[in-house]
Amino acid sequence: MGRPWGSSSMTRFLLAVLRRDLTLAARRRGDWLIAQFFFVMVASLFPLGVGPEPQMLARIGPGVLWVAATLASLLSLARLFSDDHQDGSLEHMVLSPEPTVLLVLGKSLAHWLIYGIPLLAIAPVLGLQFNLSWEAIMVLEFSLLLGTPILSLLGAVGAALTLGLRGGGVLLTLLILPLYVPALIFGAGAVDGVIAGTGAQAHLSLLGAFLILSLMIAPWIAAASLRVSLE
Numbered sequence: 107m108g109r110p111w112g113s114s115s116m117t118r119f120l121l122a123v124l125r126r127d128l129t130l131a132a133r134r135r136g137d138w139l140i141a142q143f144f145f146v147m148v149a150s151l152f153p154l155g156v157g158p159e160p161q162m163l164a165r166i167g168p169g170v171l172w173v174a175a176t177l178a179s180l181l182s183l184a185r186l187f188s189d190d191h192q193d194g195s196l197e198h199m200v201l202s203p204e205p206t207v208l209l210v211l212g213k214s215l216a217h218w219l220i221y222g223i224p225l226l227a228i229a230p231v232l233g234l235q236f237n238l239s240w241e242a243i244m245v246l247e248f249s250l251l252l253g254t255p256i257l258s259l260l261g262a263v264g265a266a267l268t269l270g271l272r273g274g275g276v277l278l279t280l281l282i283l284p285l286y287v288p289a290l291i292f293g294a295g296a297v298d299g300v301i302a303g304t305g306a307q308a309h310l311s312l313l314g315a316f317l318i319l320s321l322m323i324a325p326w327i328a329a330a331s332l333r334v335s336l337e
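Here the sequence shown stands for residues 107 to 337, where the numbers follow the working numbering.
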C-alpha cells in the first residue's frame, strides 16, 4: 500500500523540491530576469506602436498584458524538467518512494514563485502605462494571481510531454498555447468588464474554477508523462 497523502515524508519531499528549485534559481538570476525583461518589453512596445490615445490604450491594455504574461511564462517552461534530466537527478526523484505528483507540484509551485510573482509586482506599473484605472489594475492583479498558477501547472504538462525531444521548445509552445486560451480570455475579460462597467465577478469565477480544475488534473497528467518520457 502507498503512503497516505499528507504524511510528513511527503511534505518534506515537496518542500525539498521547492527549496532546491528556488536555490538553483537564486544562483541563476539571469534566467528568470530574461522572462521579466521580455514581459516588460512586449507590454511597452504596444503603446509605442498604437499611439498615445488613452481610450485606445485602456481598451487593448488587459489583452496585451495577459498575452505578454503568457509568452513570458512560455520562455521558462522548456527548462522546467530538462536541467534535472540532463544531470540525472530527475530520474532519482521520479524513482523515489514519494509520488511523482509531488515532484510536479513542487516544481510547478517553484516556477510560479520564480516567474509568476515578479509578474504580479511589475503589472501595476505597466497597467498605468495603458491608462488603466486603479480599480482595473486591482482586478488585473487578482486575475494574474489566479491565472499565473494555471500557466505553471499546464506548462508542466507540456514540459513533461516534450522532455528529451529534439525541437522540444517549439513543440511545447504548440501544445500548451491552446490550453492557455481559457485563462487568457477569462483574465483579460475580467479587466475589460471593469472598464466596460459590467463587472469582473463572472470572469474571475470562471478563472478560479479553471485554476481548481488545473490543480486537480494537470499534476497527474504531467507525472504520468514524466514516467513515460523517462522510460
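Ideal placement from N, C-alpha and C gives every residue a C-beta, glycine not left out.
Taking the alpha-carbon positions, what's the residue i to residue j distance?
{"i": "Phe236", "j": "Thr117", "result": "42 Å"}
{"i": "Gly270", "j": "Ser335", "result": "7 Å"}
{"i": "Asp189", "j": "Gln161", "result": "45 Å"}
{"i": "Asp193", "j": "Arg126", "result": "14 Å"}
{"i": "Ile323", "j": "Ala329", "result": "10 Å"}
{"i": "Leu278", "j": "Leu128", "result": "23 Å"}
{"i": "Trp326", "j": "Gln142", "result": "29 Å"}
{"i": "Phe187", "j": "Thr268", "result": "10 Å"}
{"i": "Glu197", "j": "Leu313", "result": "34 Å"}
{"i": "Leu345", "j": "Gly222", "result": "There is no way to answer for residue 345, as the model of the chain reaches only from 107 to 337."}
{"i": "Pro203", "j": "Phe119", "result": "10 Å"}
{"i": "Val297", "j": "Ala306", "result": "7 Å"}
{"i": "Leu154", "j": "Thr176", "result": "21 Å"}
{"i": "Ile243", "j": "Leu181", "result": "25 Å"}
{"i": "Ala122", "j": "Arg134", "result": "18 Å"}
{"i": "Ser249", "j": "Arg272", "result": "35 Å"}
{"i": "Leu171", "j": "Ala149", "result": "6 Å"}
{"i": "Leu257", "j": "Ser179", "result": "7 Å"}
{"i": "Pro230", "j": "Ser115", "result": "39 Å"}
{"i": "Gly136", "j": "Leu232", "result": "21 Å"}
{"i": "Leu234", "j": "Ser195", "result": "44 Å"}
{"i": "Val146", "j": "Ser311", "result": "28 Å"}
Out of the options, state which residue places its alpha-carbon closest to the alpha-carbon of residue i.
{"i": "Leu219", "options": "Arg133, Ser311, Met244 and Trp138", "result": "Trp138"}
{"i": "Ala131", "options": "Ala296, Ala330, Thr254 and Leu215", "result": "Leu215"}
{"i": "Val173", "options": "Phe144, His191 and Val156", "result": "Phe144"}
{"i": "Ala164", "options": "Ala302, Ala178 and Leu321", "result": "Ala302"}
Given residue i, which residues of its chain have a CB within under 8 Å of its CB, disregarding the five upstream and five downstream residues?
{"i": "Ile318", "result": "none"}
{"i": "Val200", "result": "Thr206, Leu209, Leu332, Arg333 and Leu336"}
{"i": "Ile166", "result": "Phe152, Val156 and Phe236"}
Apart from the five residues just before and just after residue i, which ones in its own chain have a Cβ nearer than 6 Å to its Cβ?
{"i": "Gly275", "result": "Ala184"}
{"i": "Gly169", "result": "Ala294"}
{"i": "Leu281", "result": "Gly264"}
{"i": "Leu321", "result": "none"}
{"i": "Glu159", "result": "none"}
Going by beta carbon distance, what residues of the same chain come within less than 7 Å of residue i, once the five residues before and after it are set aside?
{"i": "Leu124", "result": "Gly212, Leu215 and Ala216"}
{"i": "Gly299", "result": "Gly305, Ala306 and His309"}
{"i": "Ala266", "result": "Phe187, Ala328, Ser331, Leu332 and Ser335"}
{"i": "Ile140", "result": "Leu181"}
{"i": "His191", "result": "Leu269 and Gly270"}
Measuring only between beta-carbons, confirm whether residue i sits less than 7 Å from chain C.
{"i": "Ala265", "result": "This model lacks chain C altogether, as it is built from one protein chain only."}
message: Under 8 Å, with one C-beta from each stretch per pair, do the stretch 219-238 and the stretch 200-209 reach the 3-pair mark?
response: Contact between the stretch 219-238 and the stretch 200-209 is absent, because fewer than three Cβ pairs lie under 8 Å.
message: I want to know whether the stretch 212-228 touches the stretch 278-291 - three or more CB-CB distances under 8 Å.
response: Touching, no, given that fewer than three Cβ pairs across the two stretches are closer than 8 Å.
query: Any contact of the stretch 277-286 with the stretch 247-266, i.e. 3+ C-beta pairs under 8 Å?
result: The stretch 277-286 is in contact with the stretch 247-266.
message: Could you check whether the stretch 298-318 touches the stretch 241-255, counting it as contact only if at least three pairs of C-beta atoms, one from each stretch, sit closer than 8 Å?
response: Yes, the stretch 298-318 touches the stretch 241-255.
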